[in-house]
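Dropping the structure here:
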């Protein structure tokens, strides 16, 4: 009785099959690396562009006062680009600017007066703003 009646795959076929499998694995790895590399590279110019814009955004609260429940802030954009006020800060509490004011845009070189209703206790309070790209400015306001 012969136990070895089945024939195996020839050496040429097995070498070709192994080569095709290795090539398929190499293609899969190469396409995933290429996809990661191109997506990472596409964020680099965007990062530097936003970084440049954040350096050009310069907001300053030049004057502020409180009277009869109304806060008035005078803001000067001395930067080179138009920007928006994103946040208003009152004594370490951060509020969305759109909660208080409707027109948040401050053009380059513009002085803007914003006013909003807010109840403050007597004393000295820190009022501030933050621009869309991170520019911050604060001022002390005395409430009597």
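In our numbering, the protein residues as written are 194 to 337. Note that beta-carbon positions come from the ideal geometry of N, C-alpha and C, so glycine has one too.
Residue j beta carbon less than 9 Å from that of residue i
i           : j           : result
residue 252 : residue 328 : yes
residue 279 : residue 323 : yes
residue 270 : residue 307 : no
residue 230 : residue 335 : no
residue 268 : residue 282 : no
residue 210 : residue 202 : yes
Inter-residue spacing [alpha-carbon to alpha-carbon] between residue i and residue j
i           : j           : result
residue 310 : residue 245 : 35 Å
residue 300 : residue 249 : 12 Å
residue 291 : residue 225 : 43 Å
residue 275 : residue 330 : 16 Å
residue 217 : residue 238 : 33 Å
residue 333 : residue 257 : 8 Å
Same chain, Cβ closer than 6 Å to residue i, five either side skipped, listed in chain order
i           : result
residue 284 : 318 and 319
residue 264 : 309 and 311
Which of helix, strand or coil DSSP assigns to residue i
i           : result
residue 298 : strand
residue 279 : strand
residue 212 : helix
residue 310 : strand
residue 251 : coil
residue 221 : helix
Cutoff 7 Å; reference residue i; Cβ partners in own chain excluding five residues on either side
i           : result
residue 358 : The question about residue 358 has no answer here: the residues shown for the chain are numbered 194 through 337.
residue 273 : 249 and 301
residue 315 : 336 and 337
Chain D contact for residue i (CB, 9 Å cutoff)
i           : result
residue 300 : Considering every chain present, this structure includes no chain D. It has just one protein chain.
Counterpart residues of residue i in DSSP-defined beta bridges
i           : result
residue 263 : 260 and 310
The ligand HEM heavy atom lying under 8 Å from the CB of residue i
i           : result
residue 230 : The ligand content of the structure shown is nil, which means the ligand HEM is not present either.
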